[in-house]
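Shown next, in structure tokens, is the structure this report addresses.
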Amino acid sequence: MAQYNRQDKRRQAMRAATMAMRLSRYSPLALTGIAVVLLLSSLISPTLWGGPRMAAIDALSPAIEFVGAPFRVMTETISDASGLTKIRAENARLKAENKQLHEWYQTAMLLRSENQSLKDLLNVIPEPDQSYITTRVIADSGSSFVKTVLIEAGTDNAVEEGQAVLGSQGMIGRIIEVGQRASRVLLLNDINSHVPVVVEGANQRAVLSGTNDDLLVLIHLPPDVMVEKGSRIITSGSGGMFPNGLPIGEVSEIKNGVPMVMMYSDPYGAGYVQIVEKPQDPNVRHSIKTLTAGPE
131 MAQYNRQDKR
141 RQAMRAATMA
151 MRLSRYSPLA
161 LTGIAVVLLL
171 SSLISPTLWG
181 GPRMAAIDAL
191 SPAIEFVGAP
201 FRVMTETISD
211 ASGLTKIRAE
221 NARLKAENKQ
231 LHEWYQTAML
241 LRSENQSLKD
251 LLNVIPEPDQ
261 SYITTRVIAD
271 SGSSFVKTVL
281 IEAGTDNAVE
291 EGQAVLGSQG
301 MIGRIIEVGQ
311 RASRVLLLND
321 INSHVPVVVE
331 GANQRAVLSG
341 TNDDLLVLIH
351 LPPDVMVEKG
361 SRIITSGSGG
371 MFPNGLPIGE
381 VSEIKNGVPM
391 VMMYSDPYGA
401 GYVQIVEKPQ
411 DPNVRHSIKT
421 LTAGPE
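Counting in our numbering, the sequence shown runs from 131 upward without gaps.
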């Protein structure tokens with residue numbers, strides 16, 4: 131029985147080889163038709179013509195490989211050319227950005243040198259470097275009418291009332307209550323928040339007020355001052371409560387002639403914040419409070 135099976139397999143292989151030799155004389159269209167017939171037969175009955183079909187596939191595989199080789203080379207060539215084009219475009223973009231950054235760097239160095247020369251000329255007293263306390267936001271304790279958050283730092287961490295609080299991109303509020311291990315921050319968008327600021331470009335001082343909404347409003351601007359959309363708003367340092375130059379946001383729209391400001395940092399999206407040390411020592415701040423309060 132085993133000998134009969136071996137002989138049967140040999141006969142099937144011989145028939146397949148003979149078929150392949152005969153097929154080699156026919157056109158590619160005929161070979162395609164036979165391949166389709168074999169494929170359909172395999173879909174109808176996987177076991178039908180199993181031996182001859184596999185033998186034919188084995189015999190035709192070199193031809194299939196030969197025919198498919200040019201298409202594979204063409205596909206790889208097109209892919210390589212497309213990738214090379216993308217790389218060249220990316221390289222050109224990076225070169226342009228690098229050139230622009232280099233120009234900005236040179237401009238910054240020039241302005242820094244000019245600024246230092248003016249300070250030396252005017253004998254300006256340099257401002258002390260700022261220090262920060264990084265801490266975590268532990269709760270949003272606000273409501274529709276009061277915009278506050280709680281942070282995990284207090285008197286144990288040298289936190290003081292009135293200190294500015296920064297998010298990832300700019301100021302978001304100030305300390306209004308201090309406990310031993312936690313403090314409450316009044317957010318800039320609270321209607322009770324008022325911060326002295328400077329409009330960059332116009333170099334105009336104003337007050338940034340909260341509205342209990344996402345946008346803040348610039349008030350106490352002279353009527354003849356034109357504030358453009360996109361102008362940056364930073365702290366002015368007036369009153370000595372906040373350091374000057376802390377970024378807050380930019381003018382996003384002019385509503386009925388009033389500049390509206392969008393903060394750089396989302397006050398509710400901050401997981402961690404930085405508390406900024408006050409700019410002057412306690413004696414200077416006490417003197418400022420005494421001078422602004424007037425005689426008793």
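Glycine residues also receive a C-beta, built at the ideal position from the N, C-alpha and C atoms.
Only a predicted model underlies this, so the values are computations on that prediction, with no experimental measurement involved.
Sequence-distant residues of its chain with Cβ nearer than 8 angstroms to residue i (five each side left out)
| i | result |
| --- | --- |
| Val-337 | His-324, Val-325, Pro-326, Val-327, Leu-348, Ile-349, His-350 |
| Tyr-262 | Leu-296, Gln-404, Ile-405, Val-406, Glu-407 |
| Ile-384 | Val-357, Lys-359, Met-390 |
| Asn-228 | none |
| Tyr-394 | Gly-297, Gln-299, Gly-300, Pro-377, Ile-378, Gly-379, Glu-380 |
| Ser-361 | Val-329, Glu-330, Gly-331, Ala-332, Glu-380, Val-381, Pro-389 |
| Pro-200 | none |
| Gln-260 | Pro-373, Val-406, Glu-407, Pro-409 |
Residue i, buried or exposed, once every other Cβ within 10 Å from all chains shown has been counted against 16
| i | result |
| --- | --- |
| Glu-380 | buried |
| Leu-248 | exposed |
| Gly-309 | exposed |
| Met-239 | exposed |
| Lys-277 | buried |
| Leu-252 | exposed |
| Leu-231 | exposed |
| Leu-214 | exposed |
| Asp-320 | buried |
| Ala-294 | buried |
| Pro-397 | buried |
| Arg-304 | buried |
| Ala-219 | exposed |
| Asn-333 | exposed |
| Val-388 | exposed |
| Gly-340 | buried |
| Leu-241 | exposed |
| Ala-283 | buried |
| Pro-373 | buried |
| Ile-302 | buried |
| Ile-208 | exposed |
| Ile-217 | exposed |
Coarse secondary structure for residue i, derived from DSSP in three states
| i | result |
| --- | --- |
| Arg-202 | helix |
| Tyr-398 | coil |
| Glu-227 | helix |
| Gly-331 | coil |
| Leu-351 | coil |
| Ala-283 | coil |
| Gln-404 | strand |
| Thr-264 | strand |
| Met-301 | strand |
| Thr-365 | strand |
| Arg-311 | coil |
| Leu-318 | coil |
| Arg-290 | The sequence shown places Glu at residue 290, not Arg. Coil at Glu-290, not helix or strand. |
| Gly-486 | The requested residue 486 does not occur in the structure, where the chain is confined to residues 131 to 426. |
| Met-392 | strand |
| Ser-339 | strand |
| Gly-360 | coil |
| Leu-376 | coil |
| Ser-243 | helix |
| Ser-209 | helix |
Same chain only: Cβ atoms within 6 angstroms of residue i, ignoring 5 sequence neighbours per side
| i | result |
| --- | --- |
| Val-279 | Val-267, Asp-270, Val-315 |
| Ile-306 | Arg-314, Leu-316 |
| Glu-291 | Ile-305, Val-308 |
| Arg-335 | Val-328, Ser-366 |
7 angstroms CB neighbourhood of residue i in its chain, flanking five on each side removed
| i | result |
| --- | --- |
| Thr-264 | Tyr-402, Gln-404 |
| Asp-286 | Gln-310, Arg-311 |
| Tyr-235 | none |
| Phe-275 | Asn-342 |
| Ile-364 | Val-327, Val-328, Glu-330, Gly-375, Leu-376, Pro-377, Ile-378 |
| Leu-345 | Ser-382, Met-390, Val-391, Met-392 |
| Val-289 | Ile-263, Ala-283, Ile-305, Val-308, Ser-313, Ile-405 |
Below-8 angstroms beta-carbon distance, residue i vs any chain C residue
| i | result |
| --- | --- |
| Met-393 | In the structure shown, chain C cannot be found, because there is only a single protein chain. |
How about the stretch 218–231 and the stretch 356–370: do they share at least three Cβ pairs that are nearer than 8 angstroms? no
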